[in-house]
Amino acid sequence: MNLDKRIVDDFVANDISFVTTVPCKQLAGVIEEVEARDDIFHIPSNKEDEGMGLCAGAFMGGKRPAIIMQNTAIGVTINTLATLTQYYRMPLPMLISYRGELREPVACQVEMAVHTKALLAQLNIPTFHFHWQKDVEELDNILKYTFMCNKPVAILTDANFWGGYGDQ
Amino acid sequence: MIRSEILKEIAPILSDQLVVCNIGIPSQELHAIDDQPTNFYMLGTMGLASSIGLGLALAQPKQVVVIDGDGSVLTNLGTLPTIGNNAPNNYILMIIDNGSYGSTGDQPTYTGKKTDLAGLARAAGCDHVVEAQDIDTGPALQAALGADHPTVLVVKCDSGNAKMPVITMDPVIIRDRFMKAVAK
């Protein structure tokens, strides 16, 4: 299965037409796929809270937005999630590479991985963890759920989901 | 002039525009001077007015005016390259640069020292950066509204705040009435 294509197909099928990204090695393929689609306006952000601001504006302008980022961004964006996205009740699917989980080669990534789910839980953000490739089958339902309830929703995708790091 | 005097002067120009207004005292001043459904007041999240306005301008065709401050832009400097590379023609970022963090007690920002916001915007790729003095804000804003390109307008003024009440409107109501005004 081509996960990148499958994910972006689900975005388009759910009318997501405004996507901002902060890159991650694991997300390179999906970002490339977002960039290639005519149905999606792709705007790279320099920082994830900036990206959430862009998404808030796009939502108020009538577009369905999404953000693609690393889990380290949860540490960066807590204030924005609480005082913008949640306070004004805006939907925001967050496709997140869950660095620091099983098959992670970089030790420092574990330091934010151990806080990621706790922070999301503290913020009452609905959180889904994709560990096996078949978990992607939930994405369509998760996107529908996000725009039904007008909340930020986290989709954590770990290294195992993306097929690991090869021989590293 | 201080910011509230500028806002009073340009209120008639802003009244039928989509306005995204910076957190804190700027939003309180605009709300007290001329509350409109076309105003989106930020109640939190310092620094993101320019980003919210850019997302809005990219998503729909109506003109968008962002009222930002020097302190807030310094908080989110990454916004300038994103604006420089993506801003559509319906986007105006008006930075009221009073060289201070007004909402927190007028502590000085670096723009009152050596840092040049207009120069930063140009270096970030913004092609149309206009610098104006406080008394010239109205004509400068009118010119930006009539232009067929995005504009970053840096307005230099004095530090200081008017005493205005806190906005007590619920954020979901601010957002809902703003979205209805956008869609109208």
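So the sequence lines, in the order shown, correspond to chains A and B. Using this note's numbering, you'd call the opening residue of the first sequence number 169 and step up by one each time. Using this note's numbering, you'd call the opening residue of the second sequence number 4 and step up by one each time. Just so it is clear, CB atoms sit at the ideal spot from N, CA and C, and this is done for glycine as well.
How is residue i classed by DSSP in three states: helix, strand or coil?
i	result
residue 277 of chain A	helix
residue 318 of chain A	coil
residue 188 of chain A	strand
residue 260 of chain A	strand
residue 86 of chain B	helix
residue 15 of chain B	helix
residue 44 of chain B	strand
residue 9 of chain B	helix
residue 194 of chain A	helix
residue 74 of chain B	helix
residue 64 of chain B	coil
residue 333 of chain A	coil
residue 38 of chain B	coil
residue 270 of chain A	coil
residue 81 of chain B	coil
residue 169 of chain A	coil
residue 182 of chain B	helix
residue 91 of chain B	coil
residue 220 of chain A	helix
residue 215 of chain A	coil
residue 243 of chain A	helix
residue 225 of chain A	helix
residue 199 of chain A	helix
residue 249 of chain A	helix
residue 292 of chain A	coil
residue 51 of chain B	coil
residue 312 of chain A	helix
residue 187 of chain B	coil
Anything in chain A within Cβ reach of residue i, meaning under 8 Å, just list it in chain order.
i	result
residue 186 of chain B	230
residue 84 of chain B	214
residue 174 of chain B	255, 256 and 257
residue 89 of chain B	211
residue 178 of chain B	228, 256, 257 and 258
What residues match up with residue i in a beta bridge as DSSP calls it?
i	result
residue 325 of chain A	A:265 and A:298
residue 209 of chain A	A:186
residue 69 of chain B	B:23 and B:96
residue 232 of chain A	A:184
residue 237 of chain A	A:264
Mind listing the chain B neighbours of residue i? Cutoff is C-beta to C-beta under 8 Å, in chain order.
i	result
residue 331 of chain A	None at all; the shortest Cβ gap to chain B is about 31 Å.
residue 251 of chain A	46, 47 and 48
residue 144 of chain A	Since the first residue of chain A shown is 169 and the last is 336, residue 144 of chain A is not available in this structure.
residue 248 of chain A	48 and 51
residue 226 of chain A	58, 59, 61 and 62
What residues from chain B crowd round residue i, counting only those whose CB sits closer than 7 Å?
i	result
residue 314 of chain A	Per Cβ cutoff of 7 Å: no residues; residue 314 of chain A is ~17 Å from chain B at best.
residue 209 of chain A	61
Can you list the residues of chain A that residue i reaches, using a CB-CB cut of under 7 Å?
i	result
residue 81 of chain B	214, 215 and 218
residue 125 of chain B	Those within 7 Å of residue 125 of chain B in chain A number zero; the least Cβ separation is about 17 Å.
residue 55 of chain B	221, 224 and 225
Can you list the residues of chain B that residue i reaches, using a CB-CB cut of under 9 Å?
i	result
residue 186 of chain A	58, 61 and 62
Can you list the residues of chain A that residue i reaches, using a CB-CB cut of under 9 Å?
i	result
residue 97 of chain B	Residues of chain A passing the Cβ test: none, with the nearest at roughly 16 Å.
residue 167 of chain B	Residues of chain A passing the Cβ test: none, with the nearest at roughly 20 Å.
residue 182 of chain B	227, 228, 229 and 230
Segments of 3+ residues assigned as beta strand (DSSP E) that fall wholly inside the stretch 95-178 of chain B: 132-136 and 154-159
Could you check whether the stretch 22-30 of chain B touches the stretch 188-206 of chain A, counting it as contact only if at least three pairs of C-beta atoms, one from each stretch, sit closer than 8 Å? no
Does the stretch 4-24 of chain B touch the stretch 53-71 of chain B, meaning 3 or more C-beta pairs lie closer than 8 Å? yes
With three or more C-beta pairs closer than 8 Å as the rule, is the stretch 218-231 of chain A touching the stretch 299-309 of chain A? no
Pair every Cβ in the stretch 271-285 of chain A with every Cβ in the stretch 309-320 of chain A, then say whether three or more of these pairs are closer than 8 Å. no
Does the stretch 73-86 of chain B come close enough to the stretch 94-114 of chain B that 3 or more CB-CB pairs lie under 8 Å? yes
Quick one: any contact between the stretch 31-40 of chain B and the stretch 205-214 of chain A, if contact means 3 or more CB pairs under 8 Å? no
With three or more beta-carbon pairs closer than 8 Å as the criterion, would you say the stretch 154-172 of chain B touches the stretch 126-136 of chain B? yes
Does the contact criterion of 3 or more C-beta pairs under 8 Å hold for the stretch 174-193 of chain A versus the stretch 236-249 of chain A? yes
So does the stretch 244-251 of chain A actually touch the stretch 215-224 of chain A, counting three or more Cβ pairs closer than 8 Å? yes
Any contact of the stretch 251-260 of chain A with the stretch 82-99 of chain B, i.e. 3+ C-beta pairs under 8 Å? no
Evaluate contact between the stretch 160-180 of chain B and the stretch 5-12 of chain B, counting only Cβ atoms and requiring at least three cross-stretch pairs below 8 Å. yes
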